[in-house]
Amino acid sequence: MVAKAEREVRDAERALATMRNPVANQDASQSGGRGTPDAGEQDLGTQDETEEDAAEAVEGSAPTSGDIEGAQQDLADARTRLHRAREANGPMLPASEVVVLQGFPARVDSVGVQLGSDASGKLMTLSAGALMIRSSLTPTDRGLVRPGQKVRILSELTGMTAQGTVRSVSDTLARAAKGQAPEDPGMAAGSAAGFTMTVKPQDGLSSTYVGQEVRLTVEAATSGQKVLVVPVSAISAGSDGRTTVTVTTPGHRDARRRVEVQVGAGGDGCVEVKPVAGELLEGDKVIVGSQDTSGGDRRDRK
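The working numbering puts the first residue of the sequence shown at -10, with every later residue one more than the last.
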């Protein structure tokens, strides 16, 4: 089948070449059929007449532009048939040696054998598509995280930072038995049960980050504007259910006053507060444990 298609291509190429240069091909055919004249002027005149007749025949049978276009199309069709024949009858391999991937780019994550060694077990591990991040949430954090929330990604090894979104959060706990690999790659073996969270980087990550650990910060809530915050350890809860902070007066170490506050969103070790009774301003010092610290600070709490 391939040989036949190759012959058709060669024939189409010769036909097109003949149409593009008909005079040269006619001259070549005539030069091969001429004999030696037997006698003088009569034979010479016969030869001249024969050449004139051949020239007129060539001129009358010159191919048109339509003929050349048709020959070009015949050549293109022949080449297409040859390409299809080679695809159908080209090199083949067993279907068991073919791996169909979901998409590209594709990466070779590991190779389990060496050249010349016996093939057993997993020969190679492949992964395809854009890099995703898998992590684990504690049961407490599971209720705060949902798909679509923004995530800050930090590689403590390289200092790389990126943005992403929560793609999915599992509804079932994943836990590894002692001494076995965890069900969730984001968990360490033997660690406490957790919920698998998948994060999709916004602009994609380089393949150099495959297998690296990164720190994820999920924006579970945001104030939308700058608010007054204090360290979480500065908040005190009384038996009457009120929450307060203790403010010290500069220059008067023993001058302290309690300010009742309403607690809001928290993160990064700080919590939003709104004064309910009393005055609390940015820059005020509040008591944390047994030491003073600069607590009042306005920032965009997330």
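For glycine and all other residues, C-beta sits at the position ideal for the given N, C-alpha and C.
Alpha carbon to alpha carbon, what distance is there between residue j and residue i?
i    : j    : result
V221 : V262 : 10 Å
K215 : E271 : 11 Å
A119 : G153 : 13 Å
D98  : R73  : 35 Å
A266 : V234 : 11 Å
D192 : P264 : 41 Å
G110 : Q91  : 23 Å
A84  : R135 : 42 Å
T69  : G79  : 15 Å
D229 : V248 : 14 Å
A210 : E86  : 50 Å
R9   : R75  : 29 Å
K189 : P239 : 48 Å
G148 : G105 : 41 Å
V277 : I142 : 30 Å
Thinking C-alpha only, which one of the options is nearest residue i?
i     : options                     : result
V158  : S109, L143, S124 and M149   : S124
P128  : E271, T161 and A119         : T161
G183  : V(-9), Q201, Q214 and A163  : A163
T187  : G213, I224, V155 and A4     : V155
D63   : I142, L5, Q201 and L126     : L5
G213  : T147, R131, G253 and E(-3)  : G253
A(-6) : R246, D66 and R3            : D66
T52   : S116, T7, S196 and L143     : It is worth fixing the name first, because residue 52 is Pro in this sequence and not Thr. Per the Cα distances, T7.
G200  : V87, P136, M121 and P94     : M121
T185  : A(-8), R131, R245 and K111  : R131
D60   : A95, I276, A244 and E(-3)   : The sequence as given places Ala at residue 60; Asp does not occur at that position. The option with the nearest alpha carbon to A60 is E(-3).
L146  : T197, I276, M(-10) and V218 : T197
L115  : G55, F93 and I276           : F93
L71   : V(-9), G258, A108 and R9    : V(-9)
S144  : L194, D107 and G105         : L194
Q205  : D257, Q251, R3 and R9       : The question names Gln, but residue 205 is Leu in the sequence shown. Comparing Cα positions, the closest option is D257.
R231  : Q251, R246 and V219         : Q251
Using the rule of at least 16 other Cβ atoms within 10 Å of the residue's Cβ for burial, across every protein chain shown, is residue i buried or exposed?
i    : result
D273 : buried
D0   : exposed
G179 : Low per-residue confidence applies at G179: pLDDT is 45, beneath 50, and the placement is therefore not dependable enough to give any value.
A223 : buried
T57  : It should be pointed out that residue 57 corresponds to Ile in this sequence rather than to Thr. Exposed, because fewer than 16 other Cβ atoms sit within 10 Å of the Cβ of I57.
T150 : exposed
V89  : exposed
V260 : buried
V102 : exposed
R23  : Below a pLDDT of 50, predicted positions are generally treated as unreliable, and R23, at 48, falls in that range; the measurement from the model is reported next regardless. By the 10 Å Cβ count, R23 comes out exposed.
L126 : buried
Our contact map puts residue i next to residue j with C-beta atoms below 8 Å; I'd like the distance itself, whole angstroms only.
i    : j    : result
V100 : M113 : 5 Å
V203 : Q138 : Not confirmed; about 17 Å, so no contact.
A95  : A117 : 4 Å
T237 : A226 : Contact flag wrong, Cβ pair sits at about 20 Å.
L217 : L269 : 7 Å
V275 : V219 : 5 Å
Checklist entry - At what residue ranges does the stretch 77 to 153 contain a whole run of the alpha helix (DSSP H), taking only runs of 4 or more? => result Counting only runs of 4 or more residues that sit fully inside the stretch 77 to 153, the alpha helix (DSSP H) segments are 128 to 131, in chain order.
Checklist entry - At which residue ranges does the stretch 210 to 242 contain complete alpha helix (DSSP H) runs of 4 or more residues, listed in the order of the chain? => result Assignment of alpha helix (DSSP H) within the stretch 210 to 242, counting only whole runs of 4 or more residues, yields no such run.
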